[in-house]
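**Student:** Sequence positions in the sequence shown follow this note's numbering and run 1400 to 1600.
Idealized CB from N, CA, C, for every residue including glycine.
Pasting a structure below so you can have a look.
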Amino acid sequence: MDQTHKNRMVLLSIIGIPVTMILAATWLWYYVVQGDLDLVGSLGTANRGDLVQPPRQIDEAELKEQTGFPFSLSDLEQACEHSLYVTRQIHVAMGKEFKRLRRLYISDVEVAETSLGVSTLSDNRPAPASFSRLLENEHRGMKQVTASTAELEQLFPELGEDRTTWYLVDPAGWIMMSYNTEVPYKDVIGDLKFLLKNSSE
């Protein structure tokens, strides 16, 4: 085989491999979107939370801020006391990724009308006088919005009566994962790191 033929083979390989990968990815994407191929079911996932299937768009609900103005997750730079505590601890534990995360409290009841219902916080400190005071003192920066009961149930059908389920929403507003108090916080951090690593923002 002469040098010219070898050079042509190398050139064809350099061009052919990426083109083959693009065609294969396009084929996979088409069949996944059409619902003919379940990659998640076939390959499994590394996440620890329960996948929300299909993902639901949080901005499809008519959320309202405490002032009554409409709220959209896209407006951001991008109720159980224990769940609030856990999500705060996870947020802090994310270290340098802290600023890329936002926490959002959604309820069908105004914060001012929500009772705290506990006398001792999850870190064993005395509870403040009210739920609104808890959010003000312990969860600064957490956005508070309201939705109708029907919209809340549509967005979050996994919620139980005790409201101990919470959710992971991607930067585009897709509700991706649900969690409860049985999921270790380290597993949640693993899911968050995976999402942030694969996020364009």
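(1) Could you tell me if Ser-1482 is buried or exposed, where buried requires 16 or more neighbouring beta carbons within 10 angstroms of its beta carbon?
(2) By Cβ distance, which residues of its chain are closer than 6 angstroms to Met-1541, with the 5 residues on each side in sequence left out?
(3) Quick one: which unbroken beta strand (DSSP E) runs of 3-plus residues sit fully inside the region 1470-1554? Chain order, please.
(4) For a test of the three-state rule: what should DSSP assign to Glu-1459, helix, strand or coil?
(5) In the DSSP assignment, find the beta strand (DSSP E) that holds Val-1568 and state where it starts and stops.
(6) Measuring alpha carbon to alpha carbon, tell me which residue in Ser-1514, Phe-1555 and Ile-1489 is nearest Val-1451.
(7) Rounded to whole angstroms, what's the CA-CA distance from Phe-1497 to Ile-1489? Just pull it up for me.
(8) Under the three-state reduction of DSSP, which class applies to Val-1587: helix, strand or coil?
(9) May I ask which residues mark the beginning and end of the beta strand (DSSP E) holding Ser-1577?
(10) Measuring alpha carbon to alpha carbon, tell me which of Phe-1470, Asp-1449, Gln-1465 and Gly-1589 ends up nearest Ile-1457.
(11) By Cβ distance below 8 angstroms, which residues in the same chain neighbour Glu-1480 in space, the five residues on each side in sequence not counted?
(12) Excluding the five sequence neighbours on either side, which residues of its own chain have a C-beta within less than 8 angstroms of the C-beta of Val-1568, listed in chain order?
(13) Under the assumption that Tyr-1578 contacts Gly-1494 (Cβ atoms under 8 angstroms), give the Cβ distance between them as a whole number of angstroms.
**Tutor:** In this structure, then:
(1) buried
(2) Arg-1502 and Tyr-1504
(3) 1503-1506 and 1542-1545
(4) helix
(5) That run of the beta strand (DSSP E) goes 1565-1568.
(6) Phe-1555
(7) 9 angstroms
(8) helix
(9) 1573-1578
(10) That would be Phe-1470, whose Cα lies nearest to the Cα of Ile-1457.
(11) Leu-1515, Gly-1516, Val-1517, Leu-1520, Ser-1521, Ala-1526 and Leu-1533
(12) Ile-1457, Leu-1472, Leu-1503, Ile-1574 and Met-1575
(13) For a cut-off of 8 angstroms, the C-beta gap from Tyr-1578 to Gly-1494 is around 20 angstroms, too long to register as a contact.
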